[in-house]
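Sequential numbering of the sequence shown, starting at 3, is according to the numbering used here.
Beta carbons: idealized from backbone N, C-alpha and C, even for Gly.
These numbers were taken from a predicted model, which means no experiment stands behind them.
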Amino acid sequence: MIDVAVKLLQKNNYKITKQRLSLLEYLSHFQEQYINVVAVDKYMHSIYPGMSHNTIYRNIKEFEEVGIVEQRIKDGNASVKYQCDFVHQHHHHFICTHCGKVQEVEMCPLDYFEKQLPGCRIEEHHFELYGLCADCIKLSKD
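Here it is in structure tokens:
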């Protein structure tokens, strides 16, 4: 599961250390939901007590830069999830506000916005939908 991530790191000239492998392995369990970066930091400290917070956060940032994790900030809290699609890295999500489950949304609304902004160049965008997933809706009806 982490083979593609390791290859991406190597391609971008990052050393494959046991700490990076442990971090990749842990994050790979979070493909369908985001995890708070503080929880990731706490987990890594449980395995490597001498590992600095800066090292953990720097690795997460480097993973994001090469496309291994996706990061978002909501209400001032940073969260990450393992990349769910290494082939099509440009994608968007529906995030359940109850259970945190993430589902990929295939359509990108960028064309719609570009038509409304003639003469402008959009350089970056993020698109997330929030609500209740089908499972949470079903549970609330029971």
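Across the set 32, 34 and 55, the C-alpha of 55 shows the shortest separation from the C-alpha of residue 43. DSSP assignment within the segment 37-89 yields the following whole alpha helix (DSSP H) runs of 4 residues or more, N-terminal first: 39-49 and 55-68. Boundaries of the beta strand (DSSP E) harbouring residue 97: 94-98, taken from the DSSP string. By the CB criterion at 7 Å, residue 134 and residue 100 fall inside the cutoff.
Taken through DSSP and simplified to helix, strand or coil, residue 103 comes out as strand. Boundaries of the beta strand (DSSP E) harbouring residue 130: 130-133, taken from the DSSP string. Per the DSSP secondary-structure output, residue 35 pairs in a beta bridge with 103.
When C-alpha distances from residue 114 are compared across 24, 127, 63 and 36, the shortest belongs to 127. The residue from 108, 61 and 21 with its alpha-carbon nearest to that of residue 50 is 21.
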